[in-house]
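In the working numbering, the protein residues as written are 1146 to 1245.
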């Protein structure tokens, strides 16, 4: 799962229970050398207590990222140089049972 922030030039890539942040400028081939792109490493990473099924940056304030799973979600801030701020855990309401 992938999300991009126009304000911070970061890409958020979620796989399993981890969200990694990549510098979009390096990924796109900006002034990075081939060696930089070959050894592409996240500038920050965060583990979460649930499997992530979606991520999205806040369109108005691009430094907030929401990551969600099937039963939980988390919102955290991404500061300068991908410094990760505190995480706010959110519980998602249970869906009502479907009548068969």
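Glycine residues also receive a C-beta, built at the ideal position from the N, C-alpha and C atoms.
Just so it is clear, the structure is predicted and the values come from calculations on it, not from any experiment.
#1: Around the C-beta of residue 1216, are 16 or more other C-beta atoms found within 10 angstroms, so that it is buried, or is it exposed?
#2: Checking the sheet assignment: what are the DSSP bridge partners for residue 1195?
#3: Taking only the alpha-carbon atoms, compute the straight-line gap between residue 1152 and residue 1166 and give it to the nearest angstrom.
#4: Quick one: grab the DSSP three-state call for residue 1146.
#5: How close, in whole Å, do the beta carbons of residue 1157 and residue 1200 come, if the pair is a contact with beta carbons under 8 Å?
On the basis of the supplied data:
#1: exposed
#2: Partner(s): none; residue 1195 has no beta bridge.
#3: 14 Å
#4: coil
#5: 5 Å
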